[in-house]
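Take a look at the structure below.
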């Protein structure tokens, strides 16, 4: 993943990443789409979706898999 990220930054590449590991999604992606039962239920910038998820499924995914950043810290991106 680090090599892909480096190539992305160096050569201005785009990827379509399909993943269940939200930490990887948060690290790799600028834009995020969330599918639920085959339907796109939420999309936006990675920062926006992880900081303020709108759909209940997105909220449940994030709360179940990612620890909240410590208070007073800013998320990169």
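Numbering (our numbering), first residue to last: -18 to 58. No residue lacks a Cβ here, since even glycine has one placed at the ideal position from N, Cα and C. Since this is a predicted model, take the numbers as computed values, not measurements.
Span of the beta strand (DSSP E) around residue i
| i | result |
| --- | --- |
| residue 8 | Premise fails: residue 8 lies in the alpha helix (DSSP H), 3 to 9, not in any beta strand (DSSP E). |
| residue 17 | 12 to 17 |
| residue 24 | 20 to 26 |
Rounded distance between the beta-carbons of residue j and residue i, thought under 8 Å
| i | j | result |
| --- | --- | --- |
| residue 1 | residue 22 | 16 Å between Cβ atoms; not a contact. |
| residue 38 | residue 13 | Contact doesn't hold; Cβ gap of about 13 Å is too wide. |
| residue 6 | residue -6 | Their Cβ separation, rounded to whole angstroms, is 17 Å, which puts residue 6 and residue -6 out of contact at 8 Å. |
Residue range of the unbroken alpha helix (DSSP H) whose run includes residue i
| i | result |
| --- | --- |
| residue -2 | First-last for residue -2: undefined, no H or E at that position. |
As assigned by DSSP and simplified to three states, the class of residue i
| i | result |
| --- | --- |
| residue 37 | helix |
Neighbourhood of residue i by C-beta distance below 7 Å, restricted to the same chain and skipping five residues each side
| i | result |
| --- | --- |
| residue -11 | -4 |
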